[in-house]
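Number of protein chains: 2
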Amino acid sequence: MNVSFIGSGNVATHLAALFLKAGHSVNAVYSAHPAHARRLAKKIHAQAVPEISGTLRGDCVIVAVQDDSIPAVVKEIPATDCLVLHTSGAEPLSLLGKKFRNCGVLYPVQTFSMHSPSPESIPFCIEASNTASLAKIKKLARSVSRQVQVMNSKERKNVHLAAVFTNNFSNHLFVIAENILKKKNLKLELLLPLIDETVAKIRLQSPADVQTGPAQRGDEQTMREHLALLGTDRTAKSLYRLFSQSIRERVRRKK
Amino acid sequence: MNVSFIGSGNVATHLAALFLKAGHSVNAVYSAHPAHARRLAKKIHAQAVPEISGTLRGDCVIVAVQDDSIPAVVKEIPATDCLVLHTSGAEPLSLLGKKFRNCGVLYPVQTFSMHSPSPESIPFCIEASNTASLAKIKKLARSVSRQVQVMNSKERKNVHLAAVFTNNFSNHLFVIAENILKKKNLKLELLLPLIDETVAKIRLQSPADVQTGPAQRGDEQTMREHLALLGTDRTAKSLYRLFSQSIRERVRRKK
Chain A
-10 MNVSFIGSGN VATHLAALFL KAGHSVNAVY SAHPAHARRL AKKIHAQAVP
40 EISGTLRGDC VIVAVQDDSI PAVVKEIPAT DCLVLHTSGA EPLSLLGKKF
90 RNCGVLYPVQ TFSMHSPSPE SIPFCIEASN TASLAKIKKL ARSVSRQVQV
140 MNSKERKNVH LAAVFTNNFS NHLFVIAENI LKKKNLKLEL LLPLIDETVA
190 KIRLQSPADV QTGPAQRGDE QTMREHLALL GTDRTAKSLY RLFSQSIRER
240 VRRKK
Chain B
-10 MNVSFIGSGN VATHLAALFL KAGHSVNAVY SAHPAHARRL AKKIHAQAVP
40 EISGTLRGDC VIVAVQDDSI PAVVKEIPAT DCLVLHTSGA EPLSLLGKKF
90 RNCGVLYPVQ TFSMHSPSPE SIPFCIEASN TASLAKIKKL ARSVSRQVQV
140 MNSKERKNVH LAAVFTNNFS NHLFVIAENI LKKKNLKLEL LLPLIDETVA
190 KIRLQSPADV QTGPAQRGDE QTMREHLALL GTDRTAKSLY RLFSQSIRER
240 VRRKK
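Protein sequences, first through last, are from chains A and B. Residues -10 to 244 in my numbering are what the first sequence lists, from first letter to last. Residues -10 to 244 in my numbering are what the second sequence lists, from first letter to last.
Shown next, in the form of structure tokens:
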């Protein structure tokens, strides 16, 4: 397939590399920041185009920009029969559907950073405005991933919300843990095997069945001592209390 | 080394298996529940003893019981010069120090479950009442782990608190994510590659440098929509709000 990108950030960069590797060609890259478009285009041997219309010559154009920039980009794209996709978990297909006959969503359930290698596995949630478009998107997604799921915008939004809990909020817990250790000149490295095991467990059992810790067993004394240790960090204390309460609630409901 | 256990739960079971594998001998197992002691003893070809004094014949006895049961066990153990250890992250060495001359702590920074294989990597935080005891514990721990750190009870308590944030609370986030997906008949499997990548990232960079998501970029609309999606789940909503606030606070402090 012949693909172009509007946007030149993390998502565009990693998807472009992935598609190239799978034998697709990447035609053109457009960005509101021409220097960024040139940088990505150079990396993937594509053409940086100065006008958004330059991205509409292939089979499909992928709008990979921040969620709140999608409406402005949609306005700028001239009327076209080319397949137009966005990559957002949170935004509905209708953002594109009101203007383009052939459109869809290709949402990678992953986190990308500029200087990291592409993740080994990327599930895709896809959706399209019609059968022919869906077939095209399915083919494209399946050429680079074994996990491709067709779902509507409401379902995808739930996946995105769940992804925020698992990725963004877990990472923030690691930030808090790192700070707790730093106070004693200890390193997060000490917890990496535990984190690995936490993740390994939920491949075998539901996380609901492997919950452990002071809150799960109702160890009030340890919880009080932990809160005292958190000292003046009010937000970490509130999180500790709320997690403990939420874990207790589930214990009570299970009984 | 010749080791005995008081307690026959997850920690005793996994440590006993680990020590045996490293060439140590496990002598005796005592438990307040004799049937549990017999079950573990049978598994590791040790002797289930009916009296706590039966565990004091080797080089070292490991008290691997729930934190709040340690004081009662300490009372029951007769005066001895045998090295007495506990395995708790939260409890101080002084719990043992007031009664035993040779005592220490061997805290495995890991999570164990009854029916899972032993984790591949277990860091140990160790502490002892004197140099000779510390040397013994160090030798024992190093025979089964490459990550052995000597630290005092206060430092260990911080490690335990950080472990609660990374393991217990992360797992609870996975529980919430699974519930969000279940509402749409979707499976947590869809998020496993994202969870893997979240963990892979913090091996390369501090979690503070890889925080992403709606809160990090100040995307108020997505946050409002996520809160609406959480519907009547008040606890999940409170967690969402508190995490977003805490992430925003750190963004502001960095600026």
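Note that the Cβ used here is the ideal one computed from N, Cα and C, for glycine as well.
Query: Would you mind working out which of HIS161(B), VAL133(B), THR2(B), ASN141(B) sits nearest VAL199(A), comparing C-alpha positions?; Result: HIS161(B)
Query: Checking contacts by CB at 9 Å: is GLY202(A) closer than that to chain C?; Result: The question asks about chain C, but that chain is absent: this structure's protein chains are A and B.
Query: At 4 residues or longer, and completely inside the stretch 109 to 152 of chain B: list those alpha helix (DSSP H) runs for me, N to C.; Result: 120 to 131, 142 to 152
Query: Where do the N-terminal and C-terminal ends of the beta strand (DSSP E) with PRO97(B) fall, by residue?; Result: 92 to 97
Query: Label GLY93(B) either buried or exposed according to how many other C-beta atoms from any shown protein chain fall within 10 Å of its C-beta, with 16 as the threshold for buried.; Result: buried
Query: Under the DSSP definition of a beta bridge, which residues are partnered with LEU231(B)?; Result: In the DSSP output, where bridge partners are listed per residue, LEU231(B) has none listed.
Query: Along chain A, which residues have their Cβ under 8 Å away from the Cβ of PHE8(B)?; Result: Those within 8 Å of PHE8(B) in chain A number zero; the least Cβ separation is about 18 Å.
Query: Assuming TYR19(A) and THR44(A) are in contact, meaning their beta carbons sit under 8 Å apart, how far apart are those beta carbons, in whole angstroms?; Result: 5 Å
Query: Report buried or exposed for ALA61(A), applying the criterion of at least 16 other Cβ atoms within 10 angstroms of its Cβ.; Result: exposed
Query: Quick check on the DSSP output: the alpha helix (DSSP H) that includes ILE165(B) runs from which residue to which?; Result: 159 to 171
Query: Quick check: the Cα distance between PHE101(A) and GLY78(A), rounded to an integer number of angstroms?; Result: 14 Å
Query: Alpha carbon to alpha carbon, how far is ALA68(B) from ASN141(B)? Give it in angstroms, no decimals.; Result: 24 Å
Query: Against chain B, with Cβ distances strictly below 9 Å, would GLU109(A) count as a contact?; Result: yes
Query: Can you find a CB in chain A that lies within less than 9 Å of the CB of ARG239(B)?; Result: yes
Query: Alpha carbon to alpha carbon, how far is ALA189(A) from LYS171(B)?; Result: 21 Å
Query: Spatial neighbours of PHE89(B) within its chain, please: C-beta separation below 7 Å, excluding the five flanking residues on both sides.; Result: THR69, VAL73
Query: What does DSSP give as the partner residues of GLN55(A) in its beta bridges?; Result: Bridge partners of GLN55(A): none, in fact.
Query: Does ALA124(B) come within less than 9 Å of chain A when only Cβ atoms are used?; Result: no
Query: Find the residues of chain B that neighbour ALA152(A), judging by a C-beta separation of less than 7 Å, and give them in chain order.; Result: LEU180, LEU183
Query: Against chain B, with Cβ distances strictly below 9 Å, would VAL148(A) count as a contact?; Result: yes
Query: I'd like the list of long-range same chain contacts for ILE184(B), defined as Cβ closer than 8 Å, with 5 residues on each side in sequence excluded.; Result: PHE163
Query: Ignore the nearest five residues each way along the sequence and tell me which others in SER132(B)'s own chain have a CB closer than 6 Å to its CB.; Result: ALA11
Query: Evaluate ARG145(B) with the Cβ neighbour count: other Cβ atoms within 10 Å of its Cβ, from every protein chain shown; 16 or more gives buried, anything less gives exposed.; Result: buried
Query: With GLY(-4)(A) and VAL54(A) assumed to form a contact (beta carbons below 8 Å), what rounded beta-carbon distance in angstroms separates them?; Result: 4 Å
Query: Could you give the residue range of the beta strand (DSSP E) that holds ALA26(B)?; Result: Unbroken run through ALA26(B) is the alpha helix (DSSP H), 23 to 32; no beta strand (DSSP E).
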